[in-house]
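Asks: Numbering (the numbering used here), first residue to last: 28 to 115. We put the beta carbon where it would ideally sit given N, CA and C, even for glycine. Pasting a structure here, questions to come.
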């Protein structure tokens with residue numbers, strides 16, 4: 028197995044073990060909506076929740092701004108969004 032394959036395997040294990048609702052719920056107030064969870068998107072200003080988290084598929088999607096991805100892409104995007112605010 029190459030180191031790239033090993034890295035991908037580690038990411039897959041983390042992705043499978045992480046509870047995306049719990050991880051995102053630390054950053055966004057989520058409410059259960061059927062089989063999914065919804066809340067205000069942290070990536071754009073909105074008053075009506077358009078941000079959805081799918082625990083079965085382990086992904087998020089915002090119907091307002093189009094951001095979507097897995098637990099890794101959420102954390103990278105979220106940290107990039109809040110770090111400039113903290114530094115100001």
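#1: Please return the same chain residues whose Cβ sits closer than 8 Å to the Cβ of residue 82, not counting the five positions on each side in sequence.
#2: Select from 91, 84, 77, 72 the residue whose C-alpha is nearest the C-alpha of residue 108.
#3: Using the Cα positions of residue 80 and residue 29, report the straight-line distance between them to the nearest angstrom.
#4: Quick one: residues in its chain with C-beta nearer than 7 Å to the C-beta of residue 69, no 5 flanking neighbours on either side, listed in chain order?
#5: Can the beta-carbon of residue 96 be found less than 8 Å from the beta-carbon of residue 77?
Replies: Looking at the atomic coordinates:
#1: Closer than 8 Å at Cβ, skipping near neighbours: 46, 47, 48, 62, 63, 64.
#2: Of 91, 84, 77, 72, the smallest CA-CA separation from residue 108 is found for 72.
#3: Computed Cα separation, rounded: 33 Å.
#4: Excluding residues within five positions, the ones whose Cβ falls inside 7 Å are 54, 55, 105, 108.
#5: When the beta-carbon positions are compared, residue 96 and residue 77 stay at least 8 Å from each other.
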